[in-house]
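Engineer: I'd like to ask some things about the structure below.
In this note's numbering, the protein residues as written are 725 to 862.
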């Protein structure tokens, strides 16, 4: 029972901090995150949130340390892994992952497929909306 309320609180904290960061209430979000780190030292969520906050402030190295700490505390916490991939690459980062809802992959579908012509030459074509075939058209 206590674990459920802890998860509920941490999910609520994630949404609250998302709103605070979006509204540029940096100091208030920092205070809430630090308090959560103190109250829940084994939770991944506060470290992930602090990483997002650090990244928004331009402290990339500190942000990556907190994302890694979050992932180490809970390897099943996908937002930390997504943020490591997102901010650790060379391409322009996408949106930050605050909660598990930000990591949904079921909407991700390949938008292209390969079709072969009569000579066996493959051509990349866009999928139609209702095309459910797998990768490479199989």
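All C-beta atoms, glycine included, are put in the ideal place defined by N, C-alpha and C.
Whole alpha helix (DSSP H) runs in the region 793-835 with 4 or more residues, listed along the chain?
Structural biologist: Taking only runs of at least 4 residues, the alpha helix (DSSP H) segments lying wholly in the region 793-835 are 802-812.
Engineer: I need the boundaries of the alpha helix (DSSP H) containing residue 741, first residue and last residue.
Structural biologist: Run containing residue 741: 726-746, per the alpha helix (DSSP H) assignment.
Engineer: Below 6 Å CB to CB, which residues in the same chain sit around residue 795 once its five sequence neighbours on both sides are set aside?
Structural biologist: So the list reads 804, 805, once near-sequence residues are dropped.
Engineer: Can you grab the Cα-Cα spacing for the pair residue 830 / residue 846, in whole Å?
Structural biologist: Because residue 830 carries a pLDDT of 47, less than 50, the predicted location of this residue cannot be relied on, and the following value inherits that uncertainty. Using only the alpha carbons, I get a separation of about 27 Å.
Engineer: Quick check on residue 779: buried or exposed, where buried means 16 or more other Cβ atoms within 10 Å of its Cβ?
Structural biologist: Looking at its Cβ environment, which holds 16 or more other Cβ atoms inside 10 Å, residue 779 is buried.
Engineer: Leaving out the 5 sequence neighbours to the left and right, which residues in its chain are closer than 6 Å to residue 744 when beta-carbon positions are compared?
Structural biologist: So the list reads 752, 753, once near-sequence residues are dropped.
Engineer: Report the three-state DSSP secondary structure of residue 839 (helix, strand or coil).
Structural biologist: Three-state result, residue 839: strand.
Engineer: Am I right that residue 802 and residue 769 are in contact with their C-beta atoms under 8 Å? What's the rounded C-beta distance?
Structural biologist: Rounded, the Cβ-Cβ distance is 12 Å, inconsistent with contact.
Engineer: Nearest CA to the CA of residue 838: which residue from 851, 828, 826, 827?
Structural biologist: When each option's Cα is compared against that of residue 838, the closest is 851.
Engineer: Within its chain, find whatever has a CB closer than 6 Å to the CB of residue 793; leave out the 5 residues flanking it on each side and keep chain order.
Structural biologist: 771, listed in sequence order.
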